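The sequence shown runs 100 to 220 under the working numbering.
Glycine included, every Cβ here is placed at the ideal spot set by N, Cα and C.
All figures in this text were calculated on a predicted structure; none of them were measured in a lab.
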Amino acid sequence: MLKIVTKILFIAGKSPTTKNSKNGNHVVKIVIVTIGTCVGLITLLILLYVKRKNMRQLKRSITHGTGPQERNNGETKMDEIDLPLLDFTTLAIATNNFSDANKLGQGGFGSVYKVQLITLD
């Protein structure tokens with residue numbers, strides 16, 4: 100009869116299974132970092148694409164003269180707004196020379212005054 104004897108030699112208390120599990124953990128870490136980096140890069144590319152697209156639309160609206168008054172259908176709503184153009188003298192008279200009695204408050208662009216305009220129709 101022939102006997103086959105198998106002996107496994109352990110060096111410094113480390114087993115082959117421990118070595119494989121450490122390599123497995125290392126591989127898992129590499130895969131996770133690679134996938135995370137790829138997802139981050141794809142997200143960054145999408146954000147850059149959207150930003151560039153928005154900048155092109157803004158540039159196009161500036162060069163074609165479209166602004167907040169013109170919307171999706173291309174109709175201008177400036178005709179609906181009738182704002183009078185007044186010179187400085189008329190404003191000074193209407194606000195009583197910008198007196199504090201006619202001052203309503205302070206806005207982001209400056210002081211806000213109450214005016215009294217007399218129109219001749």
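- The beta carbons of Ala-193 and Val-214 sit closer together than 9 Å.
- Leu-190 sits in a helix when the DSSP states are folded into three classes.
- A straight line joining the alpha-carbon of Val-132 with that of Asn-124 spans about 12 Å.
- Residue state for Leu-182 is assigned as coil, using DSSP reduced to three classes.
- For Gln-215, the secondary structure class from DSSP, reduced to helix, strand or coil, is coil.
- DSSP, read as helix, strand or coil, puts Ser-198 in coil.
- Going by C-alpha positions, Asn-195 is about 8 Å away from Asn-201.
- It is roughly 27 Å from the alpha-carbon of Lys-152 to the alpha-carbon of Ile-134.
- Cβ contact annotation for Leu-203 (same chain, cutoff 7 Å, sequence separation greater than five): Val-211, Tyr-212 and Lys-213, in chain order.
- Separation of Ser-160 and Lys-150 (C-alpha to C-alpha, rounded to the nearest whole angstrom) is 15 Å.
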